[in-house]
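Residue numbers (our numbering), protein chains in the order written: chain S, 169 to 282; chain R, 12 to 122.
Where a beta carbon is used, it is the ideal one built from N, C-alpha and C, also for glycine.
Source: prediction; values computed, not measured.
Read the structure below first, then the notes.
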């Protein structure tokens, strides 16, 4: 069974630009969550999607947004990039909550903003 | 606001020794996770603990959960070099989305 995939794996952008990251969950998983990992702030929850609906959102500015498609693939977008957005962005997929709580993480997208 | 505290944050130990990593959390939760992260890699799920008194073991690692004390422990038995990694605990706040993570414990096992 294929794991969670994320594209691209590495990205370099300039301040003020925008970026879109993609996440394909494990087949059959309908819940996708996004996390940001930085040395200073650690791992922080961004948002969670289930059946194309955002169920929860972390404490991030509106520049961070996401969506989920009918095939459960998810994208997150960051507009007007700032230097502080440089981070490893991880997505995780899981079965519907009633079936399992375990999250499976993808390899991450490392974003560098210059 | 749910807070998760791990200690120690850094742990250097010799092969063959035992040690325990502690994870305290601030509000009631019914799900606690332990993950491993190798440098430059993603997170690997180690344990999911769902109830008070839950204990799970895999190889040299054993995790336990005390929901009354809001405490989980990850016990390492007879450490080997391959266990060198950063270990995170995470707790779900059921009504506020997915997991809140601790700061991680970076474990270095020396020969």
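(request) Below 6 Å CB to CB, which residues in the same chain sit around residue 97 of chain R once its five sequence neighbours on both sides are set aside? (result) 48, 115 and 117
(message) Can you list, in chain order, the residues of its chain with a C-beta nearer than 6 Å to that of residue 280 of chain S? Leave out the 5 residues immediately preceding and following it.
(response) 180 and 254
(request) Report all residues from its chain with a CB closer than 7 Å to the CB of residue 111 of chain R; omit the five preceding and five following residues, and keep chain order. (result) 13, 15, 101, 102 and 104
(message) Do residue 206 of chain S and residue 231 of chain S count as a contact pair if the criterion is CB distance below 9 Å?
(response) no
(request) Would you mind listing the beta strand (DSSP E) stretches within the region 20 to 54 of chain R that are 3+ residues and don't spill past its ends, in chain order? (result) 21 to 25, 30 to 36 and 43 to 48
(message) If I follow the unbroken beta strand (DSSP E) through residue 182 of chain S, where does it start and stop?
(response) Careful: residue 182 of chain S lies outside any beta strand (DSSP E) and carries neither H nor E.
(message) Within 9 Å of any Cβ in chain R, is that where the Cβ of residue 236 of chain S sits?
(response) no
(message) Quick check: what's the CA-CA separation for residue 22 of chain R versus residue 234 of chain S?
(response) 37 Å
(message) 9 Å is my cut-off, CB to CB: does residue 229 of chain S come that close to chain R?
(response) no
(request) Please list the partners that residue 111 of chain R has in chain S, where partner means a Cβ-to-Cβ separation under 8 Å. (result) 213
(request) State the beta-bridge partners of residue 197 of chain S as determined by DSSP. (result) In DSSP, residue 197 of chain S forms no bridge with anything.
(request) Would you tell me roughly how many angstroms separate the C-alpha atoms of residue 27 of chain R and residue 224 of chain S, rounded to the nearest one? (result) 43 Å
(message) Going by DSSP in three states, residue 252 of chain S sits in which element: helix, strand or coil?
(response) helix
(request) Return the first residue and the last residue of the beta strand (DSSP E) that residue 223 of chain S is part of. (result) 221 to 225
(request) Compute the Euclidean distance between the alpha carbons of residue 213 of chain S and residue 252 of chain S, then round it to the nearest angstrom. (result) 16 Å
(message) Which same chain residues end up closer than 8 Å to residue 217 of chain S when comparing Cβ atoms and leaving out the 5 residues on each side of it in sequence?
(response) 199, 200, 201, 223, 234, 235, 236 and 242
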